[in-house]
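Participant: Once you've had a glance at the structure underneath, I'll fire off some questions.
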Ligand SMILES: C[S@@+](CC[C@H](N)C(=O)[O-])C[C@H]1O[C@@H](n2cnc3c(N)ncnc32)[C@H](O)[C@@H]1O
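In the numbering used here, the protein residues as written are 136 to 364.
So this is what it looks like as structure tokens:
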């Protein structure tokens, strides 16, 4: 089931790689502000040398990493070769691209000062998320920071459904068609695992992360900051 899901995710993103960036800007409320929020709470003195991005897609967050930390070595992991190719065509900066399922890879200890991700980790299930978090913790430097945004569920079904209906209103108001909305909903039903903010906080703390905080939230979209030390 898990590998089938990864394969489905990869086929989906391969098929939409060319239209992804435009579609996501129409369909995700305050998308650009959300990406910016990943960097907002990094201490000014924190200058990461090695950065890992999970689920880099067509490079919208990668561009911001480069803007914020032009001297860093960037490793970007994505399961979709088509998305990686699209990213390469848009970004001339040298990035170490790895085409892989991020739940399958193991980096050595002390590999990364900063790990970032945007709307990608919800493609794996809750058990896999917990294993992934533990692997991320282990490959971070002692002063490492993990800052990411993703789609989370809600504490109640009613609130979750309200999030979805507000999301739909937003997407349609931005010019999204019913067809595009239905495509994302079908993708969500087929491949997504939304979990609560509380679960994410608990998993991060159980893993060993400190100073775990939600630094931004709007409907499903939530930004989390966590430090290793
Ligand atoms: C919604 S897109 C986000 C892309 C980009 N981070 C952004 O914010 O626009 C999700 C990305 O995660 C990648 N992805 C999903 N599951 C993955 C996995 N298990 N391993 C590696 N990449 C994965 C997809 O191929 C896709 O490019």
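Ideal Cβ positions, reconstructed from N, Cα and C, are used throughout, including at glycine. These numbers were taken from a predicted model, which means no experiment stands behind them.
Of all the options 223, 329, 266, which has the alpha carbon lying nearest to the alpha carbon of residue 241?
Facilitator: Working through the chain shown from its first residue, we reach residue 241 at position 106. Comparing Cα positions, the closest option is 266.
Participant: What span of residues does the alpha helix (DSSP H) with residue 174 cover, start to end?
Facilitator: Walking along the chain shown from the start, residue 174 turns up at place 39. 166-175 is the span of the alpha helix (DSSP H), which, as asked, contains residue 174.
Participant: I need the DSSP call for residue 230, collapsed to helix, strand or coil.
Facilitator: Taking the chain shown and counting its residues from 1, one reaches residue 230 at position 95. It is coil, neither helix nor strand.
Participant: Counting only the same chain and skipping the five closest in sequence on each side, list residues whose C-beta sits under 8 Å from that of residue 357.
Facilitator: Here residue 357 refers to the residue found at position 222 when the chain shown is read from its first residue. If we look at residue 357 and ignore the five residues flanking it on each side, its Cβ neighbours are 284, 285, 286, 287, 332, 335, 349, 351.
Participant: With a threshold of 6 Å on Cβ separation, who are the neighbours of residue 189 within its own chain once the five nearest residues in sequence on each side are excluded?
Facilitator: Here residue 189 is taken as the residue at index 54 of the chain shown, counted from 1. For residue 189, where only same-chain residues beyond five positions count, the Cβ hits under 6 Å are 212, 237, 252, 255.
Participant: Three or more C-beta pairs closer than 8 Å, one from the region 195-213 and one from the region 166-180: is that the case here?
Facilitator: Segments in contact, yes.
Participant: Any contact between the region 318-326 and the region 265-281? By contact I mean 3 or more CB pairs, one from each, below 8 Å.
Facilitator: Too few Cβ pairs lie closer than 8 Å, so no.
Participant: Using a Cβ-Cβ cutoff of less than 6 Å, which residues in the same chain neighbour residue 301 once the five nearest sequence positions on both sides are dropped?
Facilitator: Locating residue 301 in the chain shown gives position 166, counting from the first residue. Within the same chain, residue 301 has close Cβ partners 354.
Participant: Just confirm the distance between the C-beta atoms of residue 209 and residue 231, as a whole number of angstroms; I'd bet it's less than 8 Å.
Facilitator: Within the chain shown, the letter at position 74 stands for residue 209. Within the chain shown, the letter at position 96 stands for residue 231. Rounded, the Cβ-Cβ distance is 7 Å, consistent with contact.
Participant: Using CA coordinates, which residue listed in 346, 150, 337, 147 is at the minimum distance from residue 262?
Facilitator: Start at 1 with the first residue of the chain shown, and residue 262 comes out as number 127. Ranking 346, 150, 337, 147 by Cα distance to residue 262 puts 337 first.
Participant: Confirm the yes/no value for this check: CB of residue 218, any heavy atom of ligand 1, distance under 6 Å.
Facilitator: As a working note, residue 218 is residue 83 in the chain shown. Yes, Cβ of residue 218 sits closer than 6 Å to a heavy atom of ligand 1.
Participant: Take the Cβ of residue 192 as the centre, count every other Cβ of all protein chains shown within 10 Å, and call the residue buried at 16 or more, exposed below.
Facilitator: Here residue 192 refers to the residue found at position 57 of the chain shown. With 16 or more other Cβ atoms within 10 Å, it is buried.
Participant: Beta-carbon within less than 8 Å of residue 327's beta-carbon, same chain only, minus the 5 sequence neighbours each way: which residues are those?
Facilitator: Position 192 of the chain shown, counting from 1, holds the residue named residue 327. The residues are 257, 258, 286.
Participant: When burial is assigned at 16 or more other CB atoms within 10 Å of the CB, is residue 247 buried or exposed?
Facilitator: In the chain shown, residue 247 corresponds to position 112, counting from 1. By the 10 Å Cβ count, residue 247 comes out buried.
Participant: Under three-state DSSP, which class holds residue 212?
Facilitator: Walking along the chain shown from the start, residue 212 turns up at place 77. Here residue 212 sits in strand by DSSP.
Participant: Are residue 182 and residue 249 closer than 7 Å when you measure CB to CB?
Facilitator: Position 47 of the chain shown holds residue 182. Position 114 of the chain shown holds residue 249. Contact flag unset, no.
Participant: Quick check on the burial criterion: 16 or more other C-beta atoms within 10 angstroms. Buried or exposed for residue 141?
Facilitator: For this step, residue 141 is matched to residue 6 along the chain shown. Buried, by the Cβ-count rule.
Participant: Kindly examine ligand 1 and report whether one of its heavy atoms sits closer than 6 Å to the Cβ of residue 148.
Facilitator: Residue 148 sits at position 13 when you count from the first residue of the chain shown. Yes; taking the cut-off as 6 Å, the Cβ of residue 148 has a heavy atom of ligand 1 nearer than that.
Participant: Could you check whether residue 362 and residue 345 sit closer than 7 Å to each other, using their CB atoms as the reference points?
Facilitator: Counted from its first residue, the chain shown places residue 345 at position 210. Counted from its first residue, the chain shown places residue 362 at position 227. Yes, these two residues count as a Cβ contact at 7 Å.
Participant: Taking Cβ positions only, does residue 215 come closer than 7 Å to chain B?
Facilitator: Absence of chain B from the displayed structure is noted, only one protein chain being present.
Participant: My parser needs the alpha helix (DSSP H) runs of 4 or more residues fully inside the region 273-319; what are they?
Facilitator: Segments of the alpha helix (DSSP H) lying fully in the region 273-319: 292-308.
Participant: First and last residue of the alpha helix (DSSP H) that includes residue 159?
Facilitator: Numbered from its first residue, the chain shown carries residue 159 at position 24. Start and end: 155-162.
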